[in-house]
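K.L.:
One structure is given below, represented as structure tokens, and several questions about it will come after.
Numbering (the UniProt record's numbering), first residue to last: 1 to 418.
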């Protein structure tokens, strides 16, 4: 039996694992390294976050994205140079090899409670017994489609997270639903593959981000830069997740739902504007299968009704965390987890109402704020949860991942952590 099992090998799982290893704690980590980034995001896309906010975290702070790019002779800047998906995946893989060489590429298919912890079963037929389980599985289980598309088969309607390679759609007519960064990334990828694209967005305008450019001292004072972008609200979100945790449930869920709404990155604008058809202020009222295609009925804000026939619809309509959609949790386990608007209600240490079961990453946003939807939230998470797990370690139990590591410095970014 191991003390702690981490399920997931994206930015949150890898960062937590690096911190646990630095503390010589007993744990195992499983998952495909940066798997969601490789399998569920468009090839050729770029991260919306700036370079300085696109890192993974370990106590020495020495292996940043900038350090990786310098070692690999890859152009990099803290701001202004977009980070490609491929570079970020390569960085994550290098991080894993350096800090978590014992990671196991296995897929969890079931978690059950035992008298002394949990038993996790895997697709390869194996199993791991642990006292604690940390779920860092990202958002792939939480994709959502508008109601109009729920009854369409997967052959003609899919979610943006179902694809990384869009070459299968070359020469076809597609509708992309949504007006945010995912929608525009997908539209750009489809255009590069030779598809004919119509983007249908609910809002009147598509609000592309603007490049940061040079910022004056006045700009920096009025709107300090953070991992979520400039602004004092973002300062609070990034530096005070514990203050956010103390707020009422309804307040927290509303902030997470509304903060940083749909806004495609500035660098994708030239790829789509003037190249793909963008219909704004419009919703899809109905979608039916018609001879192997999809017949869409749309309604604009002025009441106008139109129809559009396409070969395939891709819903780039985001995600909603619902704990019951984690297929590796049985109904008994799901029923025991208290939730806030579908997301697990977490303690100050990311623990659910099931003792020993933790959620980190986007699933923690309703408890700790919007920063948990971004890689930058992994720093606070890894620091806090590793301290908690270290304090709960059985007396005298040796760690399985011992390694010489620098002493962990005091947190720099969380002065309001209380």
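Beta carbons: idealized from backbone N, C-alpha and C, even for Gly.
Just tell me which of 290, 312, 282 and 292 has its CA closest to the CA of residue 300.
P.N.:
Nearest option by C-alpha distance: 282.
K.L.:
How do the stretch 153–169 and the stretch 88–107 stand: do at least 3 beta-carbon pairs fall below 8 Å, yes or no?
P.N.:
The stretch 153–169, when compared against the stretch 88–107, does not touch it at the 8 Å Cβ threshold.
K.L.:
Rounded to whole angstroms, how far is the Cβ of residue 256 from the Cβ of residue 365, which I believe are closer than 8 Å?
P.N.:
5 Å between Cβ atoms; contact.
K.L.:
Taking three-plus beta-carbon pairs below 8 Å as touching, is the stretch 4–12 in contact with the stretch 131–151?
P.N.:
The answer is yes - the stretch 131–151 touches the stretch 4–12, with three or more Cβ pairs under 8 Å.
K.L.:
Please report the residue range of the beta strand (DSSP E) in which residue 277 lies.
P.N.:
Element bounds for residue 277: 277–279.
K.L.:
So, residue 277 versus residue 197, is the Cβ gap smaller than 8 Å?
P.N.:
Going by C-beta atoms, residue 277 is nearer than 8 Å to residue 197.
K.L.:
Residue 343 to residue 120, Cα distance in whole Å?
P.N.:
In a straight line, the C-alpha of residue 343 is about 21 Å away from that of residue 120.
K.L.:
Identify every residue that forms a DSSP beta bridge with residue 237.
P.N.:
According to DSSP, residue 237 bridges with nothing at all.
K.L.:
Can you give, in chain order, each stretch of the beta strand (DSSP E) that sits fully within the stretch 303–362 and has at least 3 residues?
P.N.:
With a minimum length of 3 residues, the continuous beta strand (DSSP E) runs that stay inside the stretch 303–362 are 305–310, 312–315 and 357–359.
K.L.:
Do you know how far the Cα of residue 273 is from the Cα of residue 264?
P.N.:
Roughly 12 Å separates the two Cα atoms.
K.L.:
Need the endpoints of the beta strand (DSSP E) that residue 196 sits in, please.
P.N.:
Start and end: 196–200.
K.L.:
Would you check if there are 3 or more beta carbon pairs closer than 8 Å linking the stretch 321–331 to the stretch 189–203?
P.N.:
No: fewer than three Cβ pairs fall under 8 Å.
K.L.:
Looking at the secondary structure, which residues open and close the beta strand (DSSP E) in which residue 228 lies?
P.N.:
No beta strand (DSSP E) holds residue 228; DSSP gives it neither H nor E.
K.L.:
Look at the alpha carbon of residue 19 and the alpha carbon of residue 386, and state the distance between them as a whole number of angstroms.
P.N.:
Cα-Cα distance, rounded: 6 Å.
K.L.:
Is it buried or exposed for residue 275, if we count other Cβ within 10 angstroms and need 16 for buried?
P.N.:
The residue in question, residue 275, is exposed, as its Cβ has fewer than 16 Cβ neighbours within 10 Å.
K.L.:
Check this for me: beta carbons of residue 156 and residue 175, under 8 Å apart or not?
P.N.:
No, the Cβ-Cβ distance between residue 156 and residue 175 is not below 8 Å.
K.L.:
Decide if residue 305 is buried, meaning its Cβ has at least 16 other Cβ atoms within 10 Å, or exposed.
P.N.:
Exposed, by the Cβ-count rule.
K.L.:
Quick one: measure Cβ to Cβ for residue 350 and residue 228, integer angstroms, because I've assumed they're closer than 8 Å.
P.N.:
Incorrect: roughly 20 Å between the Cβ atoms, too far for contact.
K.L.:
Is it the case that the Cβ atoms of residue 347 and residue 337 are separated by a distance below 8 Å?
P.N.:
No. Outside cutoff.
K.L.:
Near residue 267, what residues of its chain come up, given a Cβ to Cβ distance below 7 Å and the 5 sequence neighbours on each side ignored?
P.N.:
Cβ within range, chain order: 46 and 82.
K.L.:
Roughly how far, in whole angstroms, is the beta-carbon of residue 131 from the beta-carbon of residue 4, given that I think they are within contact range, below 8 Å?
P.N.:
About 7 Å; that satisfies the 8 Å criterion.
K.L.:
Give the range of the beta strand (DSSP E) segment to which residue 193 is assigned.
P.N.:
Taken as a continuous stretch (DSSP letters only), residue 193 belongs to no beta strand (DSSP E), as it is neither H nor E.
K.L.:
Identify whether residue 183 lies in helix, strand or coil by the three-state DSSP scheme.
P.N.:
Three-state DSSP puts residue 183 in a helix.
K.L.:
Quick one: is residue 115 buried, meaning 16 or more other Cβ sit within 10 Å of its Cβ, or exposed?
P.N.:
Flag for residue 115 reads exposed.
K.L.:
Using the Cβ count rule (16 or more neighbours within 10 Å means buried), how would you classify residue 254?
P.N.:
Classification for residue 254: exposed.
K.L.:
If residue 259 sits next to residue 370, beta carbons under 8 Å apart, how far is it from one beta carbon to the other, in whole angstroms?
P.N.:
Yes, they are in contact, since the Cβ atoms of residue 259 and residue 370 sit about 5 Å apart, within 8 Å.
K.L.:
Nearest by alpha-carbon distance to residue 297: which of 177, 291, 308 and 75 is it?
P.N.:
The candidate whose alpha carbon is nearest that of residue 297 is 308.
K.L.:
Look up residue 176 in the DSSP assignment and say whether it is helix, strand or coil.
P.N.:
DSSP places residue 176 in strand when its eight states are reduced to three.
K.L.:
When you compare each of 311, 340, 279 and 271 to residue 290 by their alpha carbons, which one comes out closest?
P.N.:
It is 311 whose Cα lies nearest to the Cα of residue 290.
K.L.:
In the structure shown, what three-state DSSP assignment does residue 74 receive?
P.N.:
DSSP places residue 74 in coil when its eight states are reduced to three.
K.L.:
With distances taken from CA atoms, which of 270, 361, 280 and 215 is nearest residue 202?
P.N.:
Taking only the C-alpha atoms, the option nearest residue 202 is 280.
K.L.:
Look up residue 246 in the DSSP assignment and say whether it is helix, strand or coil.
P.N.:
Three-state DSSP puts residue 246 in coil, outside helix and strand.
K.L.:
Residue 36 and residue 148: beta carbons closer than 8 Å?
P.N.:
No.
K.L.:
Ignore the nearest five residues each way along the sequence and tell me which others in residue 8's own chain have a CB closer than 6 Å to its CB.
P.N.:
Result list for residue 8: 31, 136 and 137, in chain order.
K.L.:
Distance check for residue 303 and residue 66, CA to CA, integer angstroms please.
P.N.:
Taking the straight line joining both Cα atoms gives about 50 Å.
K.L.:
How far does the beta strand (DSSP E) with residue 163 in it reach, from first residue to last?
P.N.:
Premise fails: residue 163 is in no beta strand (DSSP E) and is neither H nor E.
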